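Below: the structure, in C-alpha cells.
2 protein chains.
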Amino acid sequence: MTTANGDHRDPERSLKLLWDDRARPPRGRPPALTLDAIVAAAVATADELAGTEGVEALTMRAIATRLGVGTMSLYRYVPGKGELLDLMLDRVIADYEPDHGDGERGWREVLAAEADRQWRLCMDHPWYPFVDQSRAMLGPNSLQGLDRILGLLRRLGVDDRSLMMIVGVQSDYVMGVARSYLNERRAVERTGLSAEDFWAAQAPTLEKAMLSGRFPTMAALDENTFDWSYEQLFEFGLNRLHDGFASYFEERTG
Amino acid sequence: MTTANGDHRDPERSLKLLWDDRARPPRGRPPALTLDAIVAAAVATADELAGTEGVEALTMRAIATRLGVGTMSLYRYVPGKGELLDLMLDRVIADYEPDHGDGERGWREVLAAEADRQWRLCMDHPWYPFVDQSRAMLGPNSLQGLDRILGLLRRLGVDDRSLMMIVGVQSDYVMGVARSYLNERRAVERTGLSAEDFWAAQAPTLEKAMLSGRFPTMAALDENTFDWSYEQLFEFGLNRLHDGFASYFEERTG
DNA sequence: CCTACTTCGCGTATCACATACGCTAATTCG
DNA sequence: CGAATTAGCGTATGTGATACGCGAAGTAGG
Chain A
12 MTTANGDHRD
22 PERSLKLLWD
32 DRARPPRGRP
42 PALTLDAIVA
52 AAVATADELA
62 GTEGVEALTM
72 RAIATRLGVG
82 TMSLYRYVPG
92 KGELLDLMLD
102 RVIADYEPDH
112 GDGERGWREV
122 LAAEADRQWR
132 LCMDHPWYPF
142 VDQSRAMLGP
152 NSLQGLDRIL
162 GLLRRLGVDD
172 RSLMMIVGVQ
182 SDYVMGVARS
192 YLNERRAVER
202 TGLSAEDFWA
212 AQAPTLEKAM
222 LSGRFPTMAA
232 LDENTFDWSY
242 EQLFEFGLNR
252 LHDGFASYFE
262 ERTG
Chain B
12 MTTANGDHRD
22 PERSLKLLWD
32 DRARPPRGRP
42 PALTLDAIVA
52 AAVATADELA
62 GTEGVEALTM
72 RAIATRLGVG
82 TMSLYRYVPG
92 KGELLDLMLD
102 RVIADYEPDH
112 GDGERGWREV
122 LAAEADRQWR
132 LCMDHPWYPF
142 VDQSRAMLGP
152 NSLQGLDRIL
162 GLLRRLGVDD
172 RSLMMIVGVQ
182 SDYVMGVARS
192 YLNERRAVER
202 TGLSAEDFWA
212 AQAPTLEKAM
222 LSGRFPTMAA
232 LDENTFDWSY
242 EQLFEFGLNR
252 LHDGFASYFE
262 ERTG
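Protein chains in written order, with the numbering used here: chain A, 12 to 265; chain B, 12 to 265.
Structure (C-alpha cells):
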C-alpha cells in the first residue's frame, strides 16, 4: 500500500519493539544485524541528510546502504518505516539527559534545563521536531525524562494537571521555534542564499511594496528590527514564558 | 530530479508568482485554467486530505483530478509543487483577517486576536502548520497582517525589535501547539483509536512499567493529570505567555 | 477564409520510494 | 548428513513528481 513517508504507524507494533526484549531464536540462520544497529544507522543517516534535505530524504535504501545490506533486509527487523521512526525518536532522547543537578534547583532551572535539552536535541538531530510524536512518547526513555521533571516540579505544591500542561506548553514552544529555525537553516543550505542575501534579492519587490503605501508600519520600522538570531528568539520567548509561569505559581501558592 | 515533497522551492519563482500580475498573451490557445483556480483547488484538496492523511497526501494528480484536467496541465501554471505550496500559504492567510476591532484595544487583545486567527487557520487547514514557511512569509497577504499587528503594538512604546520577537515567539508557540494537536487528531482518525482507547491499549505495558519502580512520580500522579484538551492547553499557554509579555512591558515602560 | 505562429493540454517516459513475495543461503538439531 | 528454521535480498508492483514533445486551439495578417 506504499504507506509513504512513515505515516500510518501502528502503535501496537511500535510499542512492542520499544519495550520488548527480543531474544534471538536458537535455530536458523543467525541475523547479521541488530535492531539497535539499524536504529543507530537510521539516526546517523537522518542527521546527515535532514540538515540539508529534510526528513523526507531519509530513505530505507540510504539506511541499508550505510549498513552495507540490501534494502529489504531491514524489513526483517522493522515492520516499516513508520515504526523505525518511532524507534529513532526514543533512541535519540536517551542521549540527552537534562542536567537537573542535585535536585536542589528551583522550578525555573529545572524547566530551563529541560528546554535546553530539547533544543540541543533538535539542533543535533534536525529531523527530530519534524517527526510526528503524537503517540510515540511512550518509550522507556521518554517516560524516564517526564518522570524526572515532574518529580522535581511537584515540590511546588501545584496540582499535577497544571504541571503537565506547563511541561506540554513549554515543549510545544521549544519545538515550534526549533522548527522555524531549522526550516530557515535548511533554506539557506538549499538555496545557497543567507538570510541577508535573500532579503537583498527581494529588495526590489519589497521596495515597491513599501512605496505602495499599503504597508505603512513595515515601511517605518527601525533598522534593527530584524537583528536577532533564532537562539536569541528562543531564549527571549522562554524567559517570557517562565515569567508567565512565575505569575501563575504566585497566584496558586501565595 | 524528482525533487519530492515540495522541498527545493525556488524563492525567486515563488515570489514572482506571488506578486506579479500576470497578463495573458494575446496570441495562442487560451488557457483553460487560472493560477487562482489551481491554488483554490489545491487548498480544497489539501483541506480534505490533510485531516486524515497528512500533507503528503496532497498530490498533483489529486489536484488535477479535482479540476478535471490532466496532471501535467498544472505545470503550465506552476513551476512545481513547492511553489504551489507557497501560493497556498499566502492564499489561505487572506481569509483570516484578525478582528482587531476599532484600534482601541490593548496589546493583549491584539495579540490574542492574532493567536486566535492563526489557531483557526491551522484548524481549518490542517496542512498549514506542516508546510515550511521559512521563506514564504513575503506574500502580500502575510505582509498585510504583520503590518497591521505591528502598527497596533507600536503604540506601547517598546522597541520594534522586541515587538517583532514577541510576534515571532507567539507565532511559533501557536504553530507548535497546533501541530501537536493535529498530529494527535490525525492519529485518532488513522488508527480509529481515541486517545482513551489508545492509553487503554497501552495499559498492560504501562502497568508493568509503573510497577517496575523506575517511574515513581508517574505512578503517583493525580487521576486528572491528563484531563485537558488541546484547546485548553493552547489557551493556558497563551495566557502564561501574555503574562510574561506583561512583565516585560512593565519593566520597559514603567 | 487561409496560413504561419504561438501557447496550451496532456500522454508517455523516467526516476525515486516503500514494500509484498518468494527464492536461496546459512545454521542448528537429531 | 538431512530436515527444519530463519535470514538476506532480488524482483515486481504501485504511487509520486516531473521532463519532453506532439498535436490541438486560437490569433494576426494577408
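Every residue gets a Cβ at the ideal spot worked out from N, C-alpha and C, and that includes glycine.
Every value quoted in this text rests on a predicted model; they were computed, and no experiment measured them.
query, result
"Does DSSP classify residue 86 of chain A as helix, strand or coil?", "helix"
"According to DSSP, is residue 253 of chain A part of a helix, a strand, or is it coil?", "helix"
"How many whole angstroms separate the CB atoms of residue 137 of chain A and residue 69 of chain A, which I take to be in contact at a CB cut-off of 8 Å?", "Wrong, their Cβ atoms sit about 11 Å apart, outside the cutoff."
"Taking Cβ-Cβ distances shorter than 9 Å, what residues in chain A pair up with residue 256 of chain B?", "251, 254 and 255"
"Could you compute how far the alpha carbon of residue 151 of chain A sits from the alpha carbon of residue 139 of chain B?", "32 Å"
"Chain B beta carbons: is any one of them nearer than 8 Å to that of residue 78 of chain A?", "no"
"If the cut is a Cβ gap below 9 Å, which residues of chain B does residue 157 of chain A touch?", "226, 228 and 229"
"Given that residue 69 of chain A touches chain B, what residues does it touch there, using C-beta distances under 9 Å?", "What residue 69 of chain A touches in chain B: nothing, since even the nearest Cβ is about 12 Å away."
"Examine chain A for any beta-carbon lying closer than 8 Å to the beta-carbon of residue 194 of chain B, and answer yes or no.", "yes"
"Less than 8 Å between CB atoms is the rule here; does residue 213 of chain A satisfy it with respect to chain B?", "yes"
"Would you please verify whether the beta carbon of residue 183 of chain A is less than 8 Å from any beta carbon of chain B?", "yes"
"Around the C-beta of residue 181 of chain A, are 16 or more other C-beta atoms found within 10 angstroms, so that it is buried, or is it exposed?", "buried"
"Does residue 144 of chain B come out as helix, strand or coil in the three-state DSSP assignment?", "coil"
"Any beta-carbon of chain B closer than 8 Å to the one on residue 129 of chain A?", "no"
"What in chain B is Cβ-close to residue 239 of chain A, meaning under 9 Å?", "172, 175, 176 and 179"
"CA-CA distance, residue 117 of chain A and residue 108 of chain A?", "18 Å"
"Over the uninterrupted alpha helix (DSSP H) stretch that includes residue 67 of chain B, give me the two end residues.", "From DSSP, residue 67 of chain B is part of no alpha helix (DSSP H); its letter is neither H nor E."
"With 9 Å as the C-beta to C-beta threshold (strictly closer), list the residues of the region 54-65 of chain B near chain A in chain order.", "64 and 65"
"Measuring only the C-alpha atoms, how far is residue 174 of chain B from residue 92 of chain B?", "34 Å"
"Can you name the residues of chain A whose CB is closer than 9 Å to the CB of residue 188 of chain B?", "179, 180, 183, 184 and 187"
"Taking 8 Å as the threshold, find out whether the region 216-227 of chain A comes into contact with the region 78-98 of chain A through three or more Cβ pairs.", "no"
"Quick check for students: name the residue ranges of the alpha helix (DSSP H) that lie wholly in the region 71-138 of chain B, counting only runs of 4 or more.", "71-78, 92-104 and 118-135"
"Assess contact between the region 79-89 of chain B and the region 149-167 of chain B, defined as three or more Cβ pairs (one per stretch) separated by less than 8 Å. Is contact present?", "no"
"Report the neighbours of residue 145 of chain B on chain A: residues whose CB is nearer than 8 Å to its CB, in chain order.", "191, 194, 195, 197 and 198"
"What is the DSSP secondary structure of residue 238 of chain B, counted as helix, strand or coil?", "coil"
"Along the region 107-122 of chain A, what residues have a CB closer than 9 Å to any CB found in chain B?", "none"
"Is it buried or exposed, residue 56 of chain B, if we count other Cβ atoms within 10 angstroms and call 16 or more buried?", "buried"
"Expressed to the nearest angstrom, what Euclidean distance is found between the alpha-carbon atoms of residue 254 of chain A and residue 265 of chain A?", "16 Å"
"Could you tell me how far apart the beta carbons of residue 195 of chain A and residue 211 of chain A are, in whole angstroms, since I believe they sit closer than 8 Å?", "With 8 Å as the limit, residue 195 of chain A and residue 211 of chain A do not qualify as a contact, their Cβ atoms being about 16 Å apart."
"Report buried or exposed for residue 125 of chain B, applying the criterion of at least 16 other Cβ atoms within 10 angstroms of its Cβ.", "buried"
"Would you say residue 165 of chain A faces chain B, with C-beta separation under 8 Å as the test?", "yes"
"So, do the region 44-54 of chain B and the region 232-247 of chain A have three or more beta carbon pairs nearer to each other than 8 Å?", "no"
"Report the rounded CA-to-CA distance for residue 12 of chain B versus residue 80 of chain B, giving the unit in angstroms.", "Any answer about residue 12 of chain B is weak, because its pLDDT of 37 lies below 50 and its placement is not dependable; what the coordinates show is given next. For residue 12 of chain B and residue 80 of chain B, the distance between alpha carbons rounds to 24 Å."
"Which residue wins for smallest C-alpha separation from residue 101 of chain B, given the options B/43, B/154 and B/35?", "B/154"
"Would you please verify whether the beta carbon of residue 247 of chain B is less than 8 Å from any beta carbon of chain A?", "yes"
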